[in-house]
Every structure is written in structure tokens, then in C-alpha cells.
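Chemist:
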Amino acid sequence: MAADMGTIAQLLDATLDPSQHKKAESALKQEQVKPQYSIQLLNIVASEALPPKTRLAASLAFKNFIRNNYVNAEGDYKLPADEVKTIKQQLIGLMIACPPSIQSQLGETISIIADSDFWQRWDTLTQELVDRFSNTDPKV
């Protein structure tokens, strides 16, 4: 299991400090191979208790993690099925709830996943997006 959310958040913050960057990136690479790492990143992105810079760093790390670890060359999932399911269930709602700088990162992540999974393995994507359209919420 990946380290707790607080530890990963501290490592993400450390990547922003030039004196700690390399060590923190190395530690994050070790975390990446552990189950639920992607979910921990999503939890950090979602946490309004954390500073915006930490949440943005988590959204960037999540996007890059998905780009490199979502599917293999044959299109098979590299992540466990339960993790893939959780990501798909949380990602759109989280994107809408986040500030614009984070929305753009999560939007790119949705595109990466959709390139692999839409239509056959993510047939709910279109309906989820349509369901969230709002005339009263300018973020949507």
C-alpha cells in the first residue's frame, strides 16, 4: 500500500524545493509502484485542507502517473481493476470541484484515459459529462 496521504503530500511539497527536489522525486518513484498510489494523489488533489501548491503538484503527478502507468502497449490496464474503477468514478466530479489550474491538469488526465478507454471501457463518460453541465455554475 502506498504511504499515507500526508507523507505523499510532504514529498510533493519537497519536489518544489530545489534543495530537496531530487531526493523527493526518488521517494515518489518508490511510492508509484505501491497499490493505491494514484488514489492517494486524487485524495490530495481533493483535500481543501492542503495548500493549493500541494494540490496542483498532486494533479501534475497524477496526470504524469496515468500517462505512464495506466495501460501497456497492448492497451491492457497496468493498474488494478478496483483502482481504475475508483479513478473513473471520482475524476470528473473532482475536476469540476477544483480550481482552474487543477481542472486543466485533470482534464488532460481525462483525455489520456479516454484515449485508451472511450467508448468500450468507459461508456459512461459522455453521460457523466452531460449530467454535470450547469447553467448556474460557471465552473462547469
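Terminal number for the sequence shown in UniProt numbering: 140, no gaps in between.
Here a beta-carbon is modelled for each residue, glycine too, at the ideal position from N, C-alpha and C.
Please report the Cβ distance between I39 and T86, rounded to the nearest whole angstrom; I am assuming they are in contact, meaning their Cβ atoms lie under 8 angstroms.
Modeler: 6 angstroms
Chemist: Is the separation between the beta-carbon of L106 and that of L91 shorter than 8 angstroms?
Modeler: yes
Chemist: Taking the alpha-carbon of V33 as reference, which of M5, F65, R132 has the nearest alpha-carbon?
Modeler: Comparing Cα positions, the closest option is F65.
Chemist: Among all the DSSP beta bridges, which residues are the ones paired with Y77?
Modeler: V71
Chemist: State the start and end residues of the unbroken alpha helix (DSSP H) segment that holds D131.
Modeler: D131 -> alpha helix (DSSP H) spans 125-132.
Chemist: Is DSSP giving P100 helix, strand or coil here?
Modeler: helix
Chemist: I'd like to check one pair, L11 with L28: are the Cβ atoms closer than 8 angstroms?
Modeler: yes
Chemist: Between which residues of its own chain and S104 is the CB-CB distance below 7 angstroms, once the five residues before and five after are set aside?
Modeler: none
Chemist: Nearest-angstrom Cα distance between D13 and A46?
Modeler: 16 angstroms
Chemist: My output table needs one value for F62: the three-state DSSP class, helix, strand or coil.
Modeler: helix
Chemist: Determine, using beta carbons only, whether E108 comes closer than 8 angstroms to chain B.
Modeler: Of the chains in the structure shown, none is chain B; there is only one protein chain.
Chemist: Looking only at its own chain, which residues have a Cβ that is under 7 angstroms from the Cβ of P99, when we skip the five neighbours before and after it?
Modeler: P52
Chemist: Label S59 either buried or exposed according to how many other C-beta atoms from any shown protein chain fall within 10 Å of its C-beta, with 16 as the threshold for buried.
Modeler: buried
Chemist: Comparing C-alpha positions only, which one of H21, V130, N69 sits nearest to V84?
Modeler: N69
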